[in-house]
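Engineer:
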Amino acid sequence: MTFEQRLARLEEIAGELEGEGVDLARALTLFEEGIQNLRAAADELAAAEARVQRLVERADGSFDVIDRE
Amino acid sequence: MTGRRVPRRDDPGALDLFVMSDAAPEGAYVPEEPPASEFVDGYPGETPRTAIAVGTLTQTAKDVIEGAFIPLWVRGEISDFKSHRNGHWYFCLRDASAQIRSVVWKRDQRGIPAAPDDGMQVAAFGRLTVYAARGEMQFTVTRIEAEGDGLRRKALEITRARLQADGLLAPERKRALPRFPKVMAVVTSPDGAALHDIVAVMRRRAADVRLVVVPAAVQGDTAPEELCFALDQVNRWGGAELVIVGRGGGSREDLWAFNDERVARAVAACHVPTISAVGHEVDFSICDLVADHRAPTPSAAAEAATFSRGELQAELRKLSLRMSGATRAVVRDRADAARHLGRDLAGAASGQLAVRRTALQSVAGRLNALSPLSTLARGYSVARGDDGATLVSAEAFRPDMPFELIVRDGVVPARVTGTPRRSTP
Chain A
58 MTFEQRLARL
68 EEIAGELEGE
78 GVDLARALTL
88 FEEGIQNLRA
98 AADELAAAEA
108 RVQRLVERAD
118 GSFDVIDRE
Chain B
186 MTGRRVPRRD
196 DPGALDLFVM
206 SDAAPEGAYV
216 PEEPPASEFV
226 DGYPGETPRT
236 AIAVGTLTQT
246 AKDVIEGAFI
256 PLWVRGEISD
266 FKSHRNGHWY
276 FCLRDASAQI
286 RSVVWKRDQR
296 GIPAAPDDGM
306 QVAAFGRLTV
316 YAARGEMQFT
326 VTRIEAEGDG
336 LRRKALEITR
346 ARLQADGLLA
356 PERKRALPRF
366 PKVMAVVTSP
376 DGAALHDIVA
386 VMRRRAADVR
396 LVVVPAAVQG
406 DTAPEELCFA
416 LDQVNRWGGA
426 ELVIVGRGGG
436 SREDLWAFND
446 ERVARAVAAC
456 HVPTISAVGH
466 EVDFSICDLV
476 ADHRAPTPSA
486 AAEAATFSRG
496 ELQAELRKLS
506 LRMSGATRAV
516 VRDRADAARH
526 LGRDLAGAAS
536 GQLAVRRTAL
546 QSVAGRLNAL
556 SPLSTLARGY
566 SVARGDDGAT
576 LVSAEAFRPD
586 MPFELIVRDG
596 VVPARVTGTP
606 RRSTP
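Residue numbers (the numbering used here), protein chains in the order written: chain A, 58 to 126; chain B, 186 to 610.
1. How many angstroms separate the CA atom of B:H525 from the CA atom of A:A82?
2. Rank B:D303, B:F365, B:S282 and B:P301 by C-alpha distance to the C-alpha of A:A65 and give the top, closest one.
3. Count the CB pairs spanning the segment 441-448 of chain B and the segment 463-481 of chain B that are closer than 8 Å, and state whether there are at least three.
4. Residues of the segment 412-433 of chain B with a CB closer than 8 Å to any CB of chain A: list them in chain order, please.
5. What is the rounded straight-line gap between the Cα of B:P256 and the Cα of B:K247?
6. Taking only beta-carbon positions, decide if A:V109 is within less than 7 Å of chain B.
7. Hey, which unbroken runs of the alpha helix (DSSP H) at 4 residues or more fall wholly within the segment 67-99 of chain A?
8. Compare the Cα-Cα distances from B:A486 to each of B:V259, B:C455, B:A402 and B:V428 and report the closest residue.
9. Should A:V122 be flagged as near chain B, meaning a C-beta pair shorter than 7 Å?
10. Are the beta-carbon atoms belonging to B:F582 and B:P605 less than 7 Å from one another?
11. My output table needs one value for B:Q284: the three-state DSSP class, helix, strand or coil.
12. Would B:V386 and B:S461 be called neighbours here (beta carbons separated by less than 7 Å)?
13. Under a three-way DSSP split, which group does B:Q404 fall into?
14. Taking 6 Å as the limit between beta carbons, can you name the residues of its chain near B:L200, skipping five residues before and five after?
15. Please report the distance separating the alpha-carbon of B:G198 from that of B:Q418.
16. Check distances from the C-beta atoms of the segment 73-91 of chain A to those of chain B and list, in chain order, the residues that come in under 9 Å.
17. Just to confirm, is the Cβ distance from A:R125 to A:A98 under 7 Å?
18. Taking Cβ positions only, does A:L112 come closer than 7 Å to chain B?
19. Do B:V259 and the ligand PLP come close, with the Cβ less than 6 Å from some heavy atom?
20. Do we get a CB-CB distance below 7 Å when we pair B:S505 with the residues of chain A?
21. Taking 8 Å as the limit between beta carbons, can you name the residues of its chain near B:T314, skipping five residues before and five after?
22. Flag this pair as touching only if the segment 297-316 of chain B and the segment 265-279 of chain B have three or more C-beta atom pairs under 8 Å; answer yes or no.
23. Report yes if the C-beta distance between B:A476 and B:G433 is below 7 Å; otherwise report no.
24. Could you please give the first and the last residue of the uninterrupted alpha helix (DSSP H) stretch that includes B:Q244?
25. Who are the near neighbours of A:I123 in its chain, counting only those whose CB is closer than 7 Å to its CB and skipping five residues on each side?
26. Extract the residue ranges of the beta strand (DSSP E) inside the segment 263-347 of chain B, only unbroken runs of 3 or more that lie entirely within it.
27. Beta-carbon separation of B:E446 and B:T344 under 7 Å?
28. Quick check: B:L538 and B:S566, are their CB atoms within less than 7 Å of each other?
29. Assuming B:V399 and B:V372 are in contact, meaning their beta carbons sit under 8 Å apart, how far apart are those beta carbons, in whole angstroms?
30. Between the beta-carbon of B:A613 and the beta-carbon of B:A415, is there less than 7 Å?
31. Could you give the first and the last residue of the continuous beta strand (DSSP E) run that contains A:D121?
32. Do you know whose CA, among B:R360, B:S578 and B:R312, lies nearest B:H478's CA?
33. If you reduce the DSSP assignment to three classes, tell me which class B:P587 lands in.
34. Can a CB atom of chain A be found closer than 7 Å to the CB of B:M508?
35. How about B:R328 and B:G296: do their beta carbons lie closer than 7 Å?
36. Straight-line CA distance for B:A340 to B:H456?
Spelled out as structure tokens, the structure:
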């Protein structure tokens, strides 16, 4: 799951939990899933880092992306 | 001419040229060769007999004049402007007292934002040349700056109108930027300030992103082609989710490539959303109009393109609060509901009881009313036979028959003493 998908799922979960007529068992299942997503997203963020690369076109028209610096 | 002595005066250069162009055209009038002795102190053209060819004159003039002037800026007014179908521009540059024929060769026009109009006050940069074939002086121009930046304004207007006509400036063309782009192409100079700033912002924000630099010159004659090529490379590569194109601040000329129509069209042709980031806040470019998003500076582009770690963490915290709040609310609602239900049940039960009590009382009342006991209480008695049957008629009695009388507070044994008779109604 990408960060974006996780965030979207979390939005859905929060939305459903805030809605009318969620039964208790469903609410607890959603909450559980939400917590897992939150944890995974936070871990992903902690590891985030901007990388700088450079696009190189080879003679045959294919491309390489090489690290810079 | 073979074997003739070359006369020498004080301009060896001119004389060398004289030698080079001394061959007279076919059929031209060539004076008779004078005796060699007459040449000793003379110079070409000193006498009718030593007259030089027209071509020699104009060629010599060309060499003298062109050698005497370095390229320079000349100011004046444009008149008689013509764009020839061979692509060259011809006009006169003049002021109140003089004029000079001027030309801009087609290949030199890319350094000039737009064709000048008659009447424009300009400064033109060029070389004074001689068109030997016609014996005319000509100013060969390679750059033109119009008063009040008129040429650049004209160029911008023309380009803008052309892009507008093709629908490239329409607001509905603008695409939304991806929310979390992982791979971003940056089309700019690989060692310019813009890239430096963008990288610094991304690092500071700890954005989870790969910046892929696609190098291009951002100023100078080759910049438009290089920018177009780099943007095309981004398309052909296909790995980026977003393109930032731009450069750091600079003079108006430095930024001019981003007003080039070809560059604008290349930006419009990008397969993924684009951010234009040219110069500083106050700088405006045609690329800004065409791109999906305009950032005032390269740093601002980096900020527009990514979330910082802090922002995302705040977002997660917000979601976490919403989720736990909502879950707590659900649990609380259920608990409340259970409590209400209990209360309702108890209420319902006690209500039921009251109804039953009332019903019971009414039944009891009715029973009471029907009970013979109450009749007995009023002084009546009931006769019952040995078999327990109530004796309700005179015919049930036989002489000497025992029976019992039930009265209000007990039973009295009794016996029939006479003959029972029916009373006459």
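Glycine included, C-beta positions come from ideal geometry on N, C-alpha and C.
Structural biologist: So, from the listed chains and residues:
1. 20 Å
2. B:F365
3. yes
4. The residues in question are Q418, V419, R421, W422 and G424.
5. Approximately 15 Å between the Cα atoms of the pair.
6. yes
7. none
8. B:V428
9. yes
10. For the pair B:F582 and B:P605, the CB atoms are nearer than the 7 Å cut-off.
11. strand
12. no
13. coil
14. In this predicted model, B:L200 has a pLDDT of only 45, less than 50, meaning its place in the structure is not dependable enough to derive any value.
15. For B:G198, the pLDDT reaches just 46, beneath the cut-off of 50, and the residue's location in the model is therefore unreliable, although a value from the coordinates is still provided. Roughly 53 Å between the two C-alpha positions.
16. E73, L74, E75, G76, V79, D80, L81, R83, A84, L85, L87, F88 and G91
17. no
18. For A:L112, the answer is yes, since a Cβ of chain B falls inside 7 Å of its Cβ.
19. Because no ligand of any kind appears in the structure shown, any question about the ligand PLP cannot be addressed here.
20. yes
21. K247, I250, E251, M322, Q323, F324 and T325
22. Counting Cβ pairs under 8 Å, three or more are found: they touch.
23. no
24. V239 to A253
25. Q110, R111 and V113
26. 274-279, 284-289, 306-316 and 321-331
27. Result yes, Cβ atoms of B:E446 and B:T344 sit closer than 7 Å.
28. No, these two residues do not count as a Cβ contact at 7 Å.
29. 5 Å
30. Since the displayed chain B opens at 186 and closes at 610, residue 613 of chain B lies outside it and no answer follows.
31. In this chain, the beta strand (DSSP E) harbouring A:D121 covers F120 to D124.
32. B:R360
33. strand
34. yes
35. Contact flag set, yes.
36. 27 Å
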